[in-house]
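Reading through the structure tokens given below for one structure.
Protein chains: 6
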Amino acid sequence: MATVPLIDESAANAQVRAVFDDIRATRKVDWINNFWKALANHPPTLRRIWQGLKEVMAPGALDPLTKELIYLAVSINNGCVYCTASHGAAAKRLGMNEEMLGELIAVVGMANQTNRLADGYRVPVDERFENLF
Amino acid sequence: MATVPLIDESAANAQVRAVFDDIRATRKVDWINNFWKALANHPPTLRRIWQGLKEVMAPGALDPLTKELIYLAVSINNGCVYCTASHGAAAKRLGMNEEMLGELIAVVGMANQTNRLADGYRVPVDERFENLF
Amino acid sequence: MATVPLIDESAANAQVRAVFDDIRATRKVDWINNFWKALANHPPTLRRIWQGLKEVMAPGALDPLTKELIYLAVSINNGCVYCTASHGAAAKRLGMNEEMLGELIAVVGMANQTNRLADGYRVPVDERFENLF
Amino acid sequence: MATVPLIDESAANAQVRAVFDDIRATRKVDWINNFWKALANHPPTLRRIWQGLKEVMAPGALDPLTKELIYLAVSINNGCVYCTASHGAAAKRLGMNEEMLGELIAVVGMANQTNRLADGYRVPVDERFENLF
Amino acid sequence: MATVPLIDESAANAQVRAVFDDIRATRKVDWINNFWKALANHPPTLRRIWQGLKEVMAPGALDPLTKELIYLAVSINNGCVYCTASHGAAAKRLGMNEEMLGELIAVVGMANQTNRLADGYRVPVDERFENLF
Amino acid sequence: MATVPLIDESAANAQVRAVFDDIRATRKVDWINNFWKALANHPPTLRRIWQGLKEVMAPGALDPLTKELIYLAVSINNGCVYCTASHGAAAKRLGMNEEMLGELIAVVGMANQTNRLADGYRVPVDERFENLF
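Protein chains in written order, with the numbering used here: chain D, 1 to 133; chain B, 1001 to 1133; chain C, 2001 to 2133; chain F, 3001 to 3133; chain Y, 4001 to 4133; chain L, 5001 to 5133.
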């Protein structure tokens, strides 16, 4: 399938190159994957999304691998082929092995099954579950 | 909103009671939440789902808390109010604190944003990402 | 939750009343459910949707009950509370009993589970499955 | 797109081969489709999903064709290419002809349209629809 | 991937040809895109969908470009590759430039993010927002 | 349904109050809606989302009303009750009248219908549609 033009370093303006540099430095990699080259068609989106992603995925109360597992699970759930591939690769780099991936996919599948059962049966929330925070 | 009848212990047949007993024993709790009382309207579904859930959520290559975090993320993603409440409570019981929940929701939100960007720009998968396994 | 104004017969213009009359006559009922009263806020939508629905749900190669079961399954799948309630009621009127509903919900749940597994594992379509028509 | 390794009979362990044998025997076919070869990367998932699917899709209050039609409708609804192809093929084997498929797709499309209308207009559920069971 | 047969003019019956003629005349184009050739496998669906689309997309309180932008946004949101491509092309024909597309995709991404945040935090609707109409 | 605690001005720390002040100043309103009070449970998310939203929704190649219409369409599409209410209100403030809302909902419904038809028939993208940019 045809796609958006992918903006390479050579074609990028200074604002885009600065983001590309930060991506490489932050991730300690020497290349830029297609997602960012596509966003570079709209530089304010490129900058905003990279800043947001960098902040959200930084180590915090959840460690980086757990965050990538959640990201991967959501991407599978949304049927996003690109994000499944890219965040699958990221999770592997952080230590996800095949067994962990197998279990993650099993949980995603099971959750989708029970989500529909709960909706189909219109199950009322138990009072004891009401206070999530 | 009206709902499916919730089958209590007293109204349950032997097959249903056996599942209820196993739920309490496995989870070390003394009550049955509405989801299972709703599934008890169709006993083969009750048994099958409980067996599957018990197997999928058991400790494995992923620890139980990580599994619950993934389950919660998918339930939020699907807009399933019941499962968000029940798996939110389960994750808290296993140690999820407010900061972790805040970060989890942030990752779910960010993943949804970038999933749509990747689809909107129809970004082709990088060759380096192709081998997930 | 507040809602759109529900347009009653008395407040309806001639075009809306004509649709309401056709709904009652076609379905052999003596009342109008809220969905149509809500659509009556935009009469061209009311007319177009009713005409389309009447045509699509008429007996054909699939009998009316099978069509309602499919409609209900999709509505559960989309988490649409209103349509789950209204098409659940319609399916019951056409003969769906509790056992059938239990099996329908089980199929919807299972399909959601395997849909995510197929996407998660990025399973390539078998050549033998390629010719759906 | 690259994919998960597909585990063939020759590479499968005893547990996987037993499931493959049961799939062939139950379905009276002499081959294994890619979905199961992909799940074989995680044998407990392979076994659990096959057992569940076999139970859910067995003849019951709903006949096997009706169940496949519902499965196909949900798979189309979720945009799952693999499941649309495989369950489309399964439904054809059980008697779905082109006219029936045309009507099924029309119902799925119509349901999606009215689901969004009901949500967009925030239509309150009619009291008469409240008792689904 | 294999697909449904695409019905060309030469293979079409009179009813299908009449719709094809109306599509060309209404849109002032000299060709028929694949979507309609696919629907022609089920002529009543072809006719009904074309009539509906023609009515919904006609100039009204919203101008045709705004309608196409909304259509494109929903198609991206649903991950529908075909509709993203066809309504992207339609919007461009009506004046959408690259900057507008960049902003549209940014809004779609942001809405998906905040939709999940609102669901994840289970935010109650403010009273002041209750009266949409 | 219970919800997350809503953080009021009085309970907010300086970082949260600064965001609340900017929301009021930017929107020229004198109150803070529940969405932001909920996000205030996780101040970095509150700040990041507000900054992003402010940037994305500012006038650009698309005017503010068109952006709100797209936002509203996506929120309806995702079945997000809160965002449908809040962005419905925002669009009204910017000039959306009932007729426009009626047409917007009609487009969302139609797009969902044809999205599923395109997926159900697995329609291949026309070559002429391949170059979206």
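Glycine included, each C-beta is placed from N, C-alpha and C at the ideal position. Quantities reported herein were computed from a predicted structural model and do not represent experimental measurements.
**Message:** In the DSSP assignment, the alpha helix (DSSP H) including residue 5070 (chain L) goes from what residue to what residue?
**Reply:** 5064–5077
**Prompt:** By a C-beta neighbour count over all protein chains shown, 10 Å radius and 16 as the cutoff for buried, is residue 2045 (chain C) buried or exposed?
**Reply:** buried
**Request:** With DSSP as the reference, label residue 2030 (chain C) as helix, strand or coil.
**Result:** DSSP places residue 2030 (chain C) outside both helix and strand once states are collapsed to three, so it counts as coil.
**Below-9 Å beta-carbon distance, residue 1041 (chain B) vs any chain Y residue** = no
**Request:** Can you give me the Cβ contacts of residue 8 (chain D) inside the same chain, cut-off strictly under 7 Å, excluding the 5 residues immediately before and after it?
**Result:** 37
**Prompt:** So residue 1094 (chain B) and residue 1065 (chain B) are in contact, right, with Cβ under 8 Å, and what is the actual spacing, rounded?
**Reply:** With a Cβ gap of about 4 Å, residue 1094 (chain B) and residue 1065 (chain B) count as contacting.
**Message:** Would residue 4084 (chain Y) and residue 4069 (chain Y) qualify as a contact pair, given that the criterion is a beta-carbon distance under 9 Å?
**Reply:** Inclusion of residue 4084 (chain Y) and residue 4069 (chain Y) in the CB contact set at 9 Å is not warranted, their separation being larger than that value.
**Message:** Is there a Cβ of chain F sitting closer than 9 Å to that of residue 1055 (chain B), yes or no?
**Reply:** yes
**Asked** Is residue 97 (chain D) helix, strand or coil by DSSP?
**Response** Of the three classes helix, strand and coil, the one that applies to residue 97 (chain D) here is coil, per DSSP.
**Message:** Need the endpoints of the alpha helix (DSSP H) that residue 5055 (chain L) sits in, please.
**Reply:** Its alpha helix (DSSP H) spans residues 5043–5057.
**Item:** 9 Å Cβ cutoff met for residue 3122 (chain F) and residue 2004 (chain C)
**Value:** Cβ distance < 9 Å, so residue 3122 (chain F) and residue 2004 (chain C) count as in contact.
**Request:** Assign residue 1127 (chain B) to buried or exposed, taking buried as 16 or more other Cβ atoms, counted over all protein chains shown, within 10 Å of its Cβ.
**Result:** So residue 1127 (chain B) counts as exposed.
**Prompt:** If you draw a straight line from the C-alpha of residue 2089 (chain C) to the C-alpha of residue 3088 (chain F), how long is it?
**Reply:** 28 Å
**Item:** Nearest-angstrom Cβ-Cβ length linking residue 49 (chain D) and residue 76 (chain D), presumed shorter than 8 Å
**Value:** Contact annotation, residue 49 (chain D) with residue 76 (chain D): C-beta distance approximately 20 Å; criterion of less than 8 Å not satisfied.
**Asked** What's the C-alpha gap between residue 3058 (chain F) and residue 34 (chain D)?
**Response** 45 Å
**Asked** Closest to residue 3060 (chain F) by CA distance: which of C:2026, C:2099, C:2029 is it?
**Response** C:2099
**Item:** Per-residue contacts from residue 4067 (chain Y) into chain L (C-beta, under 8 Å)
**Value:** 5103, 5107
**Asked** Going along the chain, which residues of the region 4079–4091 of chain Y sit with their C-beta nearer than 8 Å to a C-beta in chain F?
**Response** 4079, 4080
**Message:** Can you look up residue 2126 (chain C) in the DSSP assignment and give me helix, strand or coil?
**Reply:** coil
**Request:** Report all residues from its chain with a CB closer than 8 Å to the CB of residue 3081 (chain F); omit the five preceding and five following residues, and keep chain order.
**Result:** Sequence-distant Cβ neighbours of residue 3081 (chain F) in its own chain, meaning closer than 8 Å and more than five residues away, do not exist here.
**Message:** In whole angstroms, give me the CA-to-CA distance for residue 5025 (chain L) and residue 5054 (chain L).
**Reply:** Taking the straight line joining both Cα atoms gives about 12 Å.
**Prompt:** On the three-state DSSP scale, how would you describe residue 82 (chain D)?
**Reply:** helix
**Prompt:** Is residue 1116 (chain B) buried or exposed, if buried means 16 or more other CB atoms sit within 10 Å of its CB?
**Reply:** buried
**Asked** For residue 5073 (chain L) and chain Y, any beta-carbon pair shorter than 9 Å?
**Response** yes
**Request:** Return the chain-ordered list of same chain residues with a C-beta closer than 6 Å to the C-beta of residue 4043 (chain Y), the five sequence neighbours on each side being excluded.
**Result:** 4015, 4016
**Asked** How would you call residue 5011 (chain L), buried or exposed, if buried means at least 16 neighbouring beta carbons within 10 angstroms?
**Response** exposed
**Request:** Could you give the DSSP three-state label for residue 2001 (chain C): helix, strand or coil?
**Result:** Because the pLDDT at residue 2001 (chain C) is just 42, under 50, the model does not fix this residue reliably, and the value given afterwards should be weighed accordingly. Note: residue 2001 (chain C) maps to coil in three-state DSSP.
**Buried or exposed (CB count within 10 angstroms, at least 16 for buried), residue 118 (chain D)** = buried
**Asked** Whose CA, out of F:3110, F:3092, F:3107, F:3129, lies closest to the CA of residue 2129 (chain C)?
**Response** F:3092
**Prompt:** If the cut is a Cβ gap below 7 Å, which residues of chain C does residue 3038 (chain F) touch?
**Reply:** The contacting residues are 2121, 2123.
**Item:** Expected contact under 8 Å - CB spacing of residue 3110 (chain F) and residue 5113 (chain L) to nearest Å
**Value:** 6 Å
**Message:** Below 8 Å on C-beta distance, what does residue 1044 (chain B) contact in chain F?
**Reply:** 3055
**Request:** Flag this pair as yes or no: are the beta carbons of residue 107 (chain D) and residue 1062 (chain B) separated by less than 9 Å?
**Result:** yes
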